[in-house]
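Note sheet for the following structure.
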Amino acid sequence: MEAMATDTSAQSKDDQATLKSTVPAWAKPAKKSSTGVDCRNWEAWRKHLATRTQPVPLQTLVSGKKSPPLAWALFPDEVIDTRTIPLVTKLGEIASGRTKPTAKLAGELEGWLGSIERRIAERNLILEMLAWAHALPRLAQVIDAKLWWQAIDKLMSHAQDAAATNFTNKIFEQGLAGELPLTLAYLFPELAACRELGKPAVEVLDQGMQALTDGEGLPKVEHLLHLRALLACWTRSLVMTQATSGLKLSKDAYIQYQWMVRQALRLTRADGTQTLETGISGAYNKHLFQTSLVLGDDQEDDLIGQFTLPKGKGKASDWQLPLPSYESDWSKFACLRSHWQRTSPRFTVRHDFDLLIVELESREEVIFSGLWDTKITIDGVESTPVGEWDQVGWLADEDGDYLELEQEWTHGVRLQRLVFLAREDEFLWVMDSVLLDEPAQKIEYEAQPPIVQQAKIQLADETCEAFLTLPKSQVTLLPVGINEWRSDSLLGKCELQEGKLTMRQVGQGKALVAPLFVDLSKKGQGKPLTWRQCTVAEKLVIQPRDRAVGYRVQTGAGHWLFYRSLTGKASRTFMGVNLISEAIVARLDENGDIEKLLEVQAT
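Under full-length UniProt numbering, read the sequence shown as residues 1 to 603, first letter to last.
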C-alpha cells in the first residue's frame, strides 16, 4: 500500500509538470492582478475563470442580450465561409452564458485551429477569432489545458503579429491589431501579456478613427462598403475600453466615432440596408445602431434614428434637426437628402471613378442604382473621360441640395453635371453641360440613367416623357432638353434601347445642355404636365443654345423655371427677369411671381 501511494504521488507530480509545460512562456500573472491565482495550475485557473465576476461578458453590455455583437456586420468578401455566422452565433451563446459548452467543442476548436493559416486571407476570419476569444473563459470547463492554452496562444500570436504589421489596408488593421488584442486585454487582465496589449490596441483604434475618416466620420468612398463592419468593430471596442480601467480613447477619436454614427444613419435606406450597397456588408442589424446611439450619446442622433431607421415613428419636420445632406470632397462622395424621414427622397453620388455611381431612393423604393452611362461624340469622333470628377459646387439649405461636378474628356471636352434635389417640391434636376474648346458642327450626347430592373418603364405614346412604375410608387422622367412631342425629334429622342431608357440630344457650336427632370412627388403622378425650351435674350438678341438655355416645367405638383449660362458673366433676360447668374432653379407661384430655389453666381 505504501509503494502504491508513492507511485500515485509521483504520477500526480508528473501530471502537474505536464500541465505546466502546456502553458506558453508568456503566460505569467499580471502584477496589478489581485486574484492571486496561479495560471500554471490548471485546476485553480479553471476554477477562477468559472467563478470570477469580472470582466462581464461583452454581450451583457450591449443592446440585444440574445443577439451576438460579433454578428452585427460582416466585411464584404468574395469568399464567405458558410460556417462564420453559425459559429459566431453559437460561441456568442456560450460566451454570454445562455448556453452551456459541451466537450464536443474540443474537436471543433482543434479543426478550427488547424484551418487558420490557409484561411488567413479571409476578411471575416477575425470575427471567428474574436468569437473563440470571448468563449474561452467558459470553454475552460469542458476542454483540456493543452487545447485551451494552444487556442489562446494562437490568438495572442496573431494579435502580436498584427501589431508589428504595416497594413496596406488600414481598415483591417482595426480588427486584427485593434479589437483582437483589446479583447484579450479585456477578457484576461490576470495575464500580464494580455493586459499589456490594451494600450497599444486602443492607440491603433484611436488613430484609425481619426485617419480613416474625413473629419466628420465618413470614410473614403472606396471604404464605404466597410462602414458598418468598421462601426461594429469600433462600437464593440469602445464598450470594452469604457469597461477597462486605464484605457480611454482620445476626445478627437471619440468625436469621429460620434460623427460616424450619424453618417451610418444618413446612409441607411428605408428598409435598413446601407445606401449604395447590395451585399452582406450592407445588411441591417438594429442592435448595432441601438448600441452605437447609446455610446454616441447625442440627442440629435437619437431623434434622427427614430425617423431614419426601420419602424421609426413621428415626423422629422416637427423637429429642428441638422440638414440631412452631406458632401465630402475628401471622400469623393455626396448625399443629397430632402429630410431625415425614411421615406424622403435622397440621391447619393460616388465620384471617384470616370463614371458616376449613383443611387436615387424615394418613398421606400430605390429608383436609380449603379453607373450613369454617358457618351459624347464630337463631329463623329467619340470623346472619353481622362480623369475623375472634381467637385466644383456644393450648397445645402432650406430650399434644397446642389452639387456640381466637372470632368475632363478627350478632344477638348469638359462635362459638367449639375444636380439639384428640391427639399419641399420633391424633384430631382440633373443638368449635363458639354463644353468644348472649339466649336463643332455636331455635338451628340447620349445618357442612360441606371434605372433599377424592378421598375417598369413606359413611354408616352405621343410625348417624350417616361413613367417608371415600381411596386409601391410611380416616378415621372422629363427629358426637357428635347421637344415635348415625339414627332419633333430635331433636338433629340427619348427611347428604350435593349430595355434601358436612353436619352439622346444633338447640338452644335461650343456647348450642349442635356437636362433631366425627375418628379418624385406623389401628388404629381398621373396629372397633366408640360415643358418647354424658353428663349434667352442678351441686349434684345435671342441667344443660341450653346450660349444660354432656359426651360419651363409644369406638373401636377408645381411650376418651375431653369436657366444655365454657358459663357462668361453676362446680363441676360429670361422669362422677363434680368439675370447675371450662371444657373438658376426657381419656383413659379400662382401669381406668376418667381421664387429662387438655387442661384449659382457667375464666375
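Ideal Cβ placement from N, Cα and C applies to all residues, glycine included.
{"Asked": "Please confirm whether residue 308 and residue 268 have their CB atoms less than 8 Å apart.", "Found": "yes"}
{"Asked": "Secondary structure at residue 7, three-state DSSP: helix, strand or coil?", "Found": "With a pLDDT of 48 at residue 7, under the threshold of 50, the modelled position of that residue is not reliable, and the figure given next carries that caveat. DSSP places residue 7 in helix when its eight states are reduced to three."}
{"Asked": "Given residue 569, which residues of its chain have a CB within under 7 Å of its CB, disregarding the five upstream and five downstream residues?", "Found": "580 and 602"}
{"Asked": "For the beta strand (DSSP E) that residue 330 lies in, which residues bound it at each end?", "Found": "Unbroken run through residue 330: none, as it is neither H nor E."}
{"Asked": "Look up residue 429 in the DSSP assignment and give the residues it is bridged to.", "Found": "420 and 517"}
{"Asked": "Distance, Cα to Cα, residue 531 vs residue 551?", "Found": "7 Å"}
{"Asked": "In or out: residue 483 buried (at least 16 other Cβ within 10 Å) or exposed?", "Found": "buried"}
{"Asked": "When you compare only the Cα positions, how much space is there between residue 25 and residue 176?", "Found": "22 Å"}
{"Asked": "Can you tell me which of the three DSSP states residue 337 falls into?", "Found": "strand"}
{"Asked": "Identify which residue in 554, 557 and 577 has its Cα closest to the Cα of residue 563.", "Found": "577"}
{"Asked": "Which whole-angstrom value describes the C-beta separation of residue 259 and residue 217, a residue pair presumed to lie in contact below a C-beta threshold of 8 Å?", "Found": "3 Å"}
{"Asked": "Return the first residue and the last residue of the beta strand (DSSP E) that residue 223 is part of.", "Found": "Careful: residue 223 lies outside any beta strand (DSSP E) and carries neither H nor E."}
{"Asked": "Measuring alpha carbon to alpha carbon, tell me which residue in 594, 535 and 600 is nearest residue 574.", "Found": "535"}
{"Asked": "Provide the residue span of the beta strand (DSSP E) that contains residue 377, from first to last.", "Found": "373-378"}
{"Asked": "Could you tell me which uninterrupted alpha helix (DSSP H) segments, each at least 4 residues in length, are contained entirely in the stretch 245-314, listed from first to last along the chain?", "Found": "251-266, 286-296 and 299-308"}
{"Asked": "Might you give, ordered along the chain, the residues of its own chain that have their beta carbon closer than 6 Å to the beta carbon of residue 363, omitting 5 neighbours on each side?", "Found": "343 and 473"}
{"Asked": "Along the chain, where does the alpha helix (DSSP H) that runs through residue 152 open and close?", "Found": "145-163"}
{"Asked": "Helix or strand or just coil, what does DSSP make of residue 453?", "Found": "coil"}
{"Asked": "To which residues of the same chain is residue 298 closer than 8 Å at the C-beta, ignoring the five residues directly before and after it?", "Found": "258, 261 and 262"}
{"Asked": "Please state whether DSSP places residue 443 in a helix, a strand or coil.", "Found": "strand"}
{"Asked": "So, residue 392 versus residue 382, is the Cβ gap smaller than 8 Å?", "Found": "no"}
{"Asked": "Using the Cα positions of residue 150 and residue 499, report the straight-line distance between them to the nearest angstrom.", "Found": "59 Å"}
{"Asked": "Could you check if residue 430 is buried or exposed, using at least 16 other CB atoms within 10 Å of its CB as the buried criterion?", "Found": "buried"}
{"Asked": "By a C-beta neighbour count over all protein chains shown, 10 Å radius and 16 as the cutoff for buried, is residue 496 buried or exposed?", "Found": "exposed"}
{"Asked": "Measure the C-alpha to C-alpha separation of residue 278 and residue 286 and round it to an integer number of angstroms.", "Found": "18 Å"}
{"Asked": "Below 8 Å between beta carbons: does that hold for residue 183 and residue 130?", "Found": "yes"}
{"Asked": "Do you know how far the Cα of residue 599 is from the Cα of residue 587?", "Found": "12 Å"}
{"Asked": "Would you check if there are 3 or more beta carbon pairs closer than 8 Å linking the stretch 154-167 to the stretch 101-109?", "Found": "no"}
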